[in-house]
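Numbering (our numbering), first residue to last: -17 to 517.
Just so you know, even glycine gets a beta-carbon here, dropped at the ideal spot from N, CA and C.
Nothing here was measured: the structure is a model prediction, and the numbers come from that model.
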């Protein structure tokens, strides 16, 4: 098994299983975060797509499914097994992802032309994404499917988002003892009291467990539905006080629908002002309609319930609709994608409002290293958005009661509920500190530290071998292990640019500014000389 993504980072989920008779992937996700990490999306896969026989898809989030169109574009032609909920979500999400890439590349090529740089092409287009949908195959929870020669799989509710699953895999080893190798891939595990979903479930007794660790070191606020709404109400009332503006960067799937359901309920109770709520994301609008279609199978909703029909909700599907929001001077709530502020319409609204003291930005989900959302959460005073320097004077708030991930204690409970794990637990989909904290918590619960492994991107393990950890690899790694999941030089450059401008503007006079410029120039010249001497 090779860890082709989500190893020491929370995005790009992809696990490659190879047997003498079958090649299969669990997930094929898009990398998000720093530019160094995102560049992996444009490079070659660490496997030959034509040689992959089957894909097992845990759920619809783009960091788990976003490279499926590229996989198909480069020659994969086998089935992609997933639940009906995942299929329905991806029927909108993947074409939307392709469309966004086309638009972003078009804008980038305009800038590249001005700089004399070559054009780039999208990872895939909307048409590529639509073509990939033809390979999707529905599965039912808790029913075995034949996933390839000598391999069968079963999907279990993960309680994360609509259609999410943990995937049980059994592989016939073909040896004399007719052994069966049992693996469980957690996917993303949902928390307790998750709106719309029951508690996550899966069987016990595996050889290997591959488990996410997103919030491995974190104790999230435990809240009942009533407590969750009370926390949200407090944030909304504070933000709207004095005709303020509330911006909520949203994840189109699940988080949006939870927020809408609670905001509508709170307004109906009179717990928050009846301010207009703009849903400014075409994808989130489409996904909400998918939730309405599945309402009869979801907790907290009833068949026929339509979240967007409330008179206080204003969907803005077109660019023209979105631009009209700019005419509002305050007293409104804007839900706009993306949740980590890396793309989409939220960046336009942040550019418009971040420098206003009357605005509040409410972060409601995980913010990966290297993203604009993470910078805001960490308290940066200046940011660069679409090439513009913006002073951060808005209130930045963050709540965790809408998280779609189990926290550290819930992960420990879920993992220990899968025991016995006979050979190894591989912790993935997390930053290094989170994996370390989760390992420590598992050891305190009596698990053997030697059987808990945190692989690095592109590590391989021999599942029938004697060693539990990664083995030596012949192929080179796509990235040095020390840069995976960390801010990169692009982040450092953006910070330096903002700091340099602040230093120049804060200098006492023109002479002081020239001294700063001379020192920077001298440092650059010394750096070039060292590079030339070393090269």
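One thing to note: residue 143 has its Cβ no nearer than 7 Å to the Cβ of residue 46. Counting only residues of its own chain and dropping the five nearest sequence neighbours on each side, residue 112 has a CB closer than 6 Å to the CB of 77. In the displayed model, residue 46 falls within a helix according to three-state DSSP. Here residue 60 is buried, its C-beta having at least 16 other C-beta atoms within 10 Å.
Comparing alpha carbon positions, the residue from 34, 15 and 377 closest to residue 0 is 34. Exclusion of the five residues before and after residue 485 leaves 498 as the residues of its chain whose Cβ lies within less than 7 Å of its Cβ.
Going by C-alpha positions, residue 381 is about 36 Å away from residue 187.
For residue 401, there is no enclosing beta strand (DSSP E), as DSSP marks it with neither H nor E. Under the DSSP assignment, residue 139 falls in the beta strand (DSSP E) whose first and last residues are 133 to 139. Excluding the 5 residues flanking it on each side, residue 357 has same chain C-beta neighbours closer than 7 Å at 365, in chain order. CA-to-CA, the gap between residue 294 and residue 246 works out to about 8 Å.
DSSP, reduced to helix, strand and coil, places residue 187 outside both helices and strands of the structure shown, so it counts as coil. For residue 9, the secondary structure class from DSSP, reduced to helix, strand or coil, is coil. When C-beta atoms of the segment 189 to 196 are compared with those of the segment 228 to 236, fewer than three pairs fall below 8 Å, so the two segments do not count as touching. Taken through DSSP and simplified to helix, strand or coil, residue 327 comes out as coil.
When the Cα atoms are used, residue 96 and residue 49 turn out to be separated by approximately 30 Å.
Contact between the segment 366 to 374 and the segment 403 to 414 is not established, with fewer than three Cβ pairs separated by less than 8 Å.
Partner residues in the beta bridge of residue 389, as assigned by DSSP, are 197.
In the structure shown, the three-state DSSP call for residue 413 is coil. In the three-state reduction of the DSSP assignment, residue 322 falls in the coil class, being assigned neither a helical nor a strand state. Under DSSP, residue 130 shares a beta bridge with 133. The residue among -3, 55, 218 and 185 with its C-alpha nearest the C-alpha of residue 28 is -3. For residue 148, the beta-bridge partners assigned by DSSP are 138.
Relative to the Cα of residue 163, the nearest Cα in the group 153, 171 and 169 belongs to 153. Of 189, 291 and 256, the smallest CA-CA separation from residue 434 is found for 189. Between residue 221 and residue 314, the gap from beta carbon to beta carbon reaches 7 Å or more. Between residue 474 and residue 363, the alpha-carbon positions lie close to 15 Å from each other. Distance between residue 483 and residue 503, taken at the CA atoms: about 15 Å.
Of the residues 514, 418, 395 and 288, the one whose Cα lies closest to the Cα of residue 174 is 395. Around the C-beta of residue 432, fewer than 16 other C-beta atoms lie within 10 Å, and the residue is accordingly described as exposed.
Counting every other CB atom within 10 Å of its CB across the protein chains shown gives residue 24 a total below 16, marking it as exposed. DSSP places residue 220 inside the alpha helix (DSSP H), whose first and last residues are 207 to 222.
In chain order, 199 place their CB closer than 7 Å to the CB of residue 415, counting only its own chain and leaving out the 5 sequence neighbours on each side. Residue pairing by DSSP places residue -13 opposite -4 in a beta bridge.
Looking at the DSSP output, residue 120 bridges to 64.
For residue 344 against residue 367, the beta-carbon gap comes to about 18 Å, at or over 8 Å, which does not count as contact.
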